[in-house]
Amino acid sequence: MTEWKEYKLGEIADVRDGTHDSPKESNNGFPLVTSKNIKNGKIDLSNTYLISKSDYEFVNQRSKVDKWDILFSMIGTIGECAIVKQQPEYAIKNVGLFKTHGDELLAYWIYYYIHSQQAKSEMRACIKGSTQQYISLSDLRNFPIELPIKEKQLEIVSILSSLDDKIDLLHRENATLEQMAETLFRQWFVVERKEEWEEVALGDVVKTTSGGTPSRKISEYYENGTINWVKSKELDGSFISSTEELITEEAVANSSAKMLPEKSVLIAMYGATVGEYGILSKPMTCNQAVCALIPNKNYPYTYLYVWTALMKEDFINLASGAAQQNISQDLIKQQIVCSDLDKIKQYDEMVRGYFEKMENNQKQIQTLIQMRDGLLPRLMSGEVKI
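Going from the sequence shown to the working numbering is simple: count from 1 and add 1083.
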């Protein structure tokens, strides 16, 4: 490790943060990115609100984002980060900004280092606040980061980024397959909708349920668990094959959590995740913030999944009109689905192959993620020699 030196993050990058003000929302203009828009190494602009050009320019006087900078969530959910890979046209609010001044290699090194277990552990020690957790700008500037010589940085980053490239390719293939399924759904069930089709409420033809949270006071419910337990924040529009937490059979028996069958379609009902969705690759349980749609012979998972995906914005809008920004299981059950069972069967036959490919891709993604996450700490600590 003689080739490695320890620096403070503020010594190798210009560490700033976004505006602390709340610019007015505008009908048109530029997106305002907050911590909730940084997830899984990506910057999601789909649910940002727009600010005026004058506010955008004012915010950017002190926190302009450029290509190869890094955005870091420093309030609420701590530690999510993303590399800015294209010259951006958005402003940031309450988001950490690590400016690398166009140094692509440094950007990738910081990104991967922050994802190492060593860095995560040190980051957790810096977290302050009880109601709203945060990490201060001062702590970020003083955050220790180890750096080898440039040649070693390049070798390590090349290995990790090649795995990420494969993961990204599979994600993009799945997005294309889902888009194809959505296009056919819109054509058959919206554009070509027959007048004679009856309006049928989802709850009249599909069983729905939600879950629960086993008591946190009983540690045995979570220790050595074998049953996957899905939380709403884990719904990201894909097949779910693993979860952050596992619970025991005793936990299921003594809580509102219940076993859900394979291919159940899940919808997030509360808070910032409202409308997010996913599908189970195997039987699992979920918490009370999730509604599960149980597929059946007449309403297969292929139809329910795409119906849910296309209802996402409606669910978000329905939640926005509520006092607590939530939707209920009863509200979901009231939504209208197609009554033409023959058409639904034809649709299932047309797109089933897409979904089988998507599920297989998701399994490959999980394997690659496990490989990357296993290599990352060993490469970043110098344990693995290249």
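Positions of the beta carbon are idealized from the N, C-alpha and C atoms, including for glycine.
Computed from a predicted model, the values in this text were never measured in an experiment.
Residue 1185 beta carbon near the ligand FAD (any heavy atom closer than 7 Å): Looking at this structure, you won't find the ligand FAD or any other ligand, since it has none at all.
Residue 1401 to residue 1380, Cα distance in whole Å? So the alpha carbons of these two residues sit roughly 29 Å apart.
Take residue 1142 as the anchor and find which of 1341, 1100, 1312, 1438 has the nearest alpha-carbon. For residue 1142, the nearest C-alpha among the options comes from 1100.
Quick check: the Cα distance between residue 1170 and residue 1160, rounded to an integer number of angstroms? So the two alpha carbons sit approximately 25 Å from each other.
Could you tell me whether the segment 1283-1298 touches the segment 1409-1427, using the rule of 3 or more Cβ pairs below 8 Å? Yes, the segment 1283-1298 is in contact with the segment 1409-1427.
Residues near residue 1329 by beta carbon distance below 7 Å, same chain, minus five either side: Once the five neighbours on either side are set aside, the close Cβ partners of residue 1329 are 1308, 1309, 1310, 1311, 1312.
Roughly how far, in whole angstroms, is the beta-carbon of residue 1165 from the beta-carbon of residue 1126, given that I think they are within contact range, below 8 Å? About 5 Å separates the CB atoms of residue 1165 and residue 1126; that is less than 8 Å, so the two are in contact.
Only counting runs of 3 or more residues, tell me where the beta strand (DSSP E) segments fall wholly within the segment 1362-1390, in order along the chain. List check, beta strand (DSSP E) in window: 1373-1377.
Compute the distance between the beta-carbons of residue 1554 and residue 1292, then report whether it is under 8 Å. Only positions 1084 to 1469 of the chain appear in this structure, which leaves residue 1554 out of reach.
Is it the case that the Cβ atoms of residue 1389 and residue 1264 are separated by a distance below 8 Å? In this structure, residue 1264 lies closer than 8 Å to residue 1389 by Cβ.
Is it buried or exposed for residue 1298, if we count other Cβ within 10 angstroms and need 16 for buried? Classification for residue 1298: exposed.
Quick check: the Cα distance between residue 1438 and residue 1259, rounded to an integer number of angstroms? Near 11 Å, if we compare the C-alpha coordinates of residue 1259 and residue 1438.
Taking just the CA atoms, how far does residue 1201 sit from residue 1456? Approximately 12 Å between the Cα atoms of the pair.
Take residue 1409 and list the residues in its own chain whose beta-carbon comes closer than 8 Å to its own, dropping the five residues that flank it on each side. Once the five neighbours on either side are set aside, the close Cβ partners of residue 1409 are 1352, 1353, 1354, 1357, 1402.
Use the C-beta contact count for residue 1185: other C-beta atoms within 10 angstroms, 16 or more gives buried, fewer gives exposed. Of the residues assessed, residue 1185 falls on the exposed side of the cut-off, its CB having fewer than 16 other CB atoms within 10 angstroms.
Where residue 1238 and residue 1129 are concerned, what is the direct C-alpha to C-alpha distance, given to the nearest angstrom? One alpha carbon belongs to residue 1238, the other to residue 1129, and they sit about 34 Å apart.
Can you give, in chain order, each stretch of the beta strand (DSSP E) that sits fully within the segment 1150-1210 and has at least 3 residues? Taking 3 residues as the shortest admissible run, the segment 1150-1210 contains the following complete beta strand (DSSP E) segments, listed from N- to C-terminal end: 1153-1156, 1164-1166, 1178-1182.
Does the segment 1098-1117 touch the segment 1212-1228, meaning 3 or more C-beta pairs lie closer than 8 Å? Touching, per the Cβ criterion.
Secondary structure at residue 1349, three-state DSSP: helix, strand or coil? Strand at residue 1349.
Counting C-beta neighbours from all protein chains within 10 Å, is the total for residue 1424 16 or more, i.e. buried, or is it exposed? Burial call: exposed.
Whole-angstrom C-beta distance between residue 1304 and residue 1334, which should lie under 8 Å: Yes, they are in contact, since the Cβ atoms of residue 1334 and residue 1304 sit about 4 Å apart, within 8 Å.
If I measure Cβ to Cβ from residue 1392 and keep anything under 8 Å in the same chain, skipping five residues before and after, which residues do I get? Around residue 1392, the same chain offers 1261, 1265, 1320, 1360 as residues with beta carbons nearer than 8 Å, after the five sequence neighbours per side are excluded.
Name the two residues that bound the continuous beta strand (DSSP E) containing residue 1088. Looking at the DSSP string, the run of the beta strand (DSSP E) that includes residue 1088 is 1088-1091.
Exposed or buried, which one is residue 1156 when buried takes at least 16 other CB atoms within 10 Å? Taking all protein chains in view, the Cβ of residue 1156 is crowded by 16 or more other Cβ atoms within 10 Å, so the residue is classified as buried.
Of the listed residues 1344, 1119, 1124, nearest to residue 1377 (C-alpha basis): Of the listed residues, the one whose Cα sits closest to residue 1377 is 1344.
When you compare the CB positions of residue 1250 and residue 1190, do they come within less than 8 Å of one another, or not? In this structure, residue 1190 does not lie closer than 8 Å to residue 1250 by Cβ.
Exposed or buried, what is residue 1366 when buried is set at 16 or more other beta-carbons lying within 10 Å of its beta-carbon? By the neighbour-count criterion, in which 16 or more other beta carbons inside 10 Å mark a residue as buried, residue 1366 falls on the exposed side.
Could you tell me the distance, in whole angstroms, from the CA atom of residue 1373 to the CA atom of residue 1349? C-alpha separation (whole angstroms): 6 Å.
Contacting residues, own chain, Cβ-Cβ under 7 Å from residue 1414 (five flanking each side not counted): So the list reads 1401, once near-sequence residues are dropped.
Would residue 1192 pass as a contact of residue 1230 if the rule is Cβ separation under 8 Å? A contact, by the Cβ cut-off of 8 Å.
Leaving out the 5 sequence neighbours to the left and right, which residues in its chain are closer than 8 Å to residue 1431 when beta-carbon positions are compared? Only 1383, 1385, 1386 meet the Cβ criterion.
Measuring only the C-alpha atoms, how far is residue 1144 from residue 1137? The straight-line gap from Cα to Cα measures roughly 11 Å.
For residue 1195 versus residue 1253, is the C-beta spacing smaller than 8 Å? Going by beta carbons, residue 1195 and residue 1253 fall outside the 8 Å limit.
Pull up the DSSP beta-bridge partners for residue 1420, would you. For residue 1420, which the question treats as bridged, DSSP gives the partners 1283.
Would you mind sorting residue 1118 into buried or exposed? The rule is 16 or more other CB atoms within 10 Å of its CB. Residue environment: residue 1118 is assigned as buried (16 or more neighbouring CB atoms within 10 Å of its CB, all protein chains considered).
Rounded separation between residue 1109 and residue 1464 - CA only: Those two C-alpha atoms are separated by around 46 Å.
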